[in-house]
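Student: Starting off with a structure, shown below.
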Ligand code: SF4
């Protein structure tokens, strides 16, 4: 497995945002922490496990929380951002509102 750098992961995150029509959180320090977490998870597990969640022990068990995670589309649409607040909807980003803590749909 090829290891990733934080630069690789930052590029991945911006490509996801562009592809989905989302915005990255404008707080670059916060994004840096999440990017670091994603990079650590990639280099530890071999996949982009969500940096805000714990592994359930295998790639199969974590499939729903590999970034961009399954709940993220609904969260971005309904709440304005994903669980970690790495990705924001464009209207939410334009509103300038700070992301709030939201329930983890993984367990709903
Ligand atoms: S909540 Fe989902 S989309 Fe957001 S960083 Fe975590 S895995 Fe990625």
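Numbering (my numbering), first residue to last: -7 to 100. All C-beta atoms, glycine included, are put in the ideal place defined by N, C-alpha and C.
#1: Indicate the three-state DSSP secondary structure (helix, strand or coil) for residue 75 in the structure shown.
#2: Taking DSSP's pairing of strands, which residues face residue 81 in a bridge?
#3: Hey, which residues come within less than 5 Å of ligand 1, measuring from Cβ to any heavy atom, in chain order?
#4: Quick one: grab the DSSP three-state call for residue 41.
#5: Below 7 Å CB to CB, which residues in the same chain sit around residue 44 once its five sequence neighbours on both sides are set aside?
#6: Who are the near neighbours of residue 32 in its chain, counting only those whose CB is closer than 6 Å to its CB and skipping five residues on each side?
Tutor: This is what the structure gives:
#1: Mapped onto the chain shown, residue 75 falls at position 83. Note: residue 75 maps to coil in three-state DSSP.
#2: As a first step, residue 81 must be located in the chain shown, where it is residue number 89. Looking at the DSSP assignment, residue 81 forms a beta bridge with 14.
#3: Any heavy atom of ligand 1 counts here; residues with a Cβ closer than 5 Å to one of them, in chain order, are 42, 59, 60, 61, 64, 74, 75, 76, 78.
#4: Taking the first residue of the chain shown as 1, we reach residue 41 at position 49. Strand at residue 41.
#5: By 1-based counting over the chain shown, the position of residue 44 is 52. Same-chain partners within the cutoff: 75, 76.
#6: Here residue 32 is taken as the residue at index 40 of the chain shown, counted from 1. Result list for residue 32: empty, nothing under 6 Å.
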